[in-house]
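Some notes on the structure that comes next.
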Ligand SMILES: C[S@@+](CC[C@H](N)C(=O)[O-])C[C@H]1O[C@@H](n2cnc3c(N)ncnc32)[C@H](O)[C@@H]1O
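Residue numbers (the UniProt record's numbering): 1 to 317.
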């Protein structure tokens, strides 16, 4: 059996004295007062007029994959940072790695569990990441988990991203396979069976998808997960700094915007996520709002970030 290992904690740096805001780079679980919330609502109202022409809206939708190709043409694999926080938030992605900081939730509870450090030879475990980009989630999973039974699949609708990922020296065809797939397709052409995947990962990808197409994506996720399988989700929350920064003329529909490079982004509430997954038949295991105050100590800037994090399980039957 596994032994108990004391891990450092994450998520419990609370700003108790506002005069100390520039003492650290980030503060957790920062509460908003009603004035701050009202100011955010007004800012969103200002940038929510839809001024795009029908042609532009059509281009954003039909050529969404091309716009991400152009994004990856420019940024290659330099834009997104490796998601090393993954194992603090979602220890189930690498259960054999037990030194990630342990997460302290806003209610004081933690996700500290006794993780066996000698996993018994089990059957194959499959993880599938949708919108894997150039591998900033998959490569850390492969690096932190040495489980020989683990196999990781990934898809992205940008063929450019998939190509860049496959050229990475960390891309090991014995442990992973990535392929091009538009997750909004009604029928998925994937190299695995229905009811076969243990964990499906959605990290900042659902927000890139038109909200009217999200229910179809969630239905397919349900179909391919094993009974008892898990979805791990992290994405932008409403009022996040990125939403407040949009200028007039970028709004596609409520809480959905096009960036200057024509990639799209939606900002979620906890309730929307809950309803999307529950309607598809999932059981909710986690749905939390992660409010973080990031601080640029040099420039004396404060940035309020809001993410939604959730876990949904497909019932055993
Ligand atoms: C913000 S990036 C996140 C990438 C990666 N998950 C990460 O954490 O670094 C969003 C990714 O989703 C992909 N994407 C957007 N819409 C998609 C769709 N309909 N099907 C598959 N991939 C999609 C984009 O090409 C892009 O690589």
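The C-beta atom is built at its ideal place from N, Cα and C for all residues, glycine as well.
Residue from the options with nearest C-alpha to residue i
{"i": "residue 39", "options": "241, 195, 157", "result": "241"}
{"i": "residue 151", "options": "134, 167, 176", "result": "176"}
{"i": "residue 100", "options": "106, 91, 107", "result": "91"}
{"i": "residue 58", "options": "85, 125, 210, 108", "result": "210"}
{"i": "residue 285", "options": "206, 301, 272, 230", "result": "230"}
{"i": "residue 76", "options": "215, 301, 233, 135", "result": "135"}
Whole-angstrom distance between residue j and residue i, CA atom to CA atom
{"i": "residue 72", "j": "residue 202", "result": "19 angstroms"}
{"i": "residue 132", "j": "residue 29", "result": "28 angstroms"}
{"i": "residue 146", "j": "residue 212", "result": "39 angstroms"}
{"i": "residue 194", "j": "residue 224", "result": "4 angstroms"}
{"i": "residue 64", "j": "residue 293", "result": "31 angstroms"}
{"i": "residue 226", "j": "residue 128", "result": "12 angstroms"}
{"i": "residue 166", "j": "residue 31", "result": "42 angstroms"}
{"i": "residue 86", "j": "residue 313", "result": "18 angstroms"}
{"i": "residue 20", "j": "residue 12", "result": "16 angstroms"}
{"i": "residue 107", "j": "residue 96", "result": "27 angstroms"}
{"i": "residue 187", "j": "residue 220", "result": "8 angstroms"}
{"i": "residue 98", "j": "residue 311", "result": "20 angstroms"}
{"i": "residue 123", "j": "residue 93", "result": "16 angstroms"}
{"i": "residue 200", "j": "residue 81", "result": "20 angstroms"}
Beta strand (DSSP E) segment containing residue i, residue limits
{"i": "residue 226", "result": "225-236"}
Any non-hydrogen atom of ligand 2 within 7 angstroms of residue i CB
{"i": "residue 209", "result": "You won't find ligand 2 in this model; what it holds is ligand 1."}
Per DSSP, cross-strand counterpart(s) of residue i
{"i": "residue 209", "result": "Paired residue(s): none; residue 209 is not in a bridge."}
{"i": "residue 179", "result": "155"}
{"i": "residue 222", "result": "Answer is none; residue 222 lacks a bridge partner."}
{"i": "residue 253", "result": "256"}
{"i": "residue 268", "result": "237"}
{"i": "residue 305", "result": "292"}
{"i": "residue 143", "result": "Answer by DSSP bridge pairing: none, since residue 143 is not bridged."}
{"i": "residue 104", "result": "110"}
Bounding residues of the alpha helix (DSSP H) (the contiguous stretch that carries residue i)
{"i": "residue 68", "result": "64-75"}
{"i": "residue 200", "result": "Premise fails: residue 200 lies in the beta strand (DSSP E), 197-203, not in any alpha helix (DSSP H)."}
### Message
Check whether the region 128-142 and the region 48-67 touch, using three or more Cβ-Cβ pairs below 8 angstroms as the test.
### Response
no
### Query
Does the pairing of the region 151-159 with the region 101-112 give three or more beta-carbon distances under 8 angstroms?
no
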